[in-house]
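To start, the structure itself, in structure tokens.
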Amino acid sequence: MTHKDATEHLVVVINENTLGYMTNRTRDWFSTAGVLAGNIFKGGADWKNGPISVLPTDQVRPATLKDFEAFRVSPRGYRLQSTA
Numbered sequence: 001m002t003h004k005d006a007t008e009h010l011v012v013v014i015n016e017n018t019l020g021y022m023t024n025r026t027r028d029w030f031s032t033a034g035v036l037a038g039n040i041f042k043g044g045a046d047w048k049n050g051p052i053s054v055l056p057t058d059q060v061r062p063a064t065l066k067d068f069e070a071f072r073v074s075p076r077g078y079r080l081q082s083t084a
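So the sequence shown is residues 1 to 84, counted in UniProt numbering.
Dropping the structure here:
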């Protein structure tokens, strides 16, 4: 993945326990997300297990700088969605 590729993905928080990036939202019933970090104590995904399926029942929201801090991931190279 190049630096340009990393900035094209939407960085999200899934179910308040996983920080990831959405790779597509074209399917009707699920999407895929790459995992940057997860809180396994709260049921989050482990990045070592690869991409995850995101179902319509999952809560997904855009990530903020505070989320990067909480998951201990550097935001460098990722473009965050504007909250304005």
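Quick reminder that beta carbons are idealized off the backbone N, C-alpha and C, glycines included.
(1) How far does the beta strand (DSSP E) with residue 36 in it reach, from first residue to last?
(2) Can you check whether the CB of residue 13 is closer than 8 Å to the CB of residue 33?
(3) Which stretch, first to last residue, makes up the beta strand (DSSP E) that contains residue 10?
(4) Jot down the residue ranges of each uninterrupted beta strand (DSSP E) in the region 41-82, minimum 3 residues, whole runs only, in chain order.
(5) Residue 36 to residue 73, Cα distance in whole Å?
According to the structure shown:
(1) The sequence position of residue 36 within the sequence shown is 36, counting from 1. From DSSP, the beta strand (DSSP E) with residue 36 extends over 31-38.
(2) The sequence position of residue 33 within the sequence shown is 33, counting from 1. The sequence position of residue 13 within the sequence shown is 13, counting from 1. No. Outside cutoff.
(3) Looking up residue 10 in the sequence shown gives position 10. It spans 10-14 - the beta strand (DSSP E) in which residue 10 sits, taken as one unbroken run.
(4) 52-54, 60-62
(5) Numbered from 1 along the sequence shown, position 36 holds the residue referred to as residue 36. Numbered from 1 along the sequence shown, position 73 holds the residue referred to as residue 73. One C-alpha to the other measures close to 7 Å.
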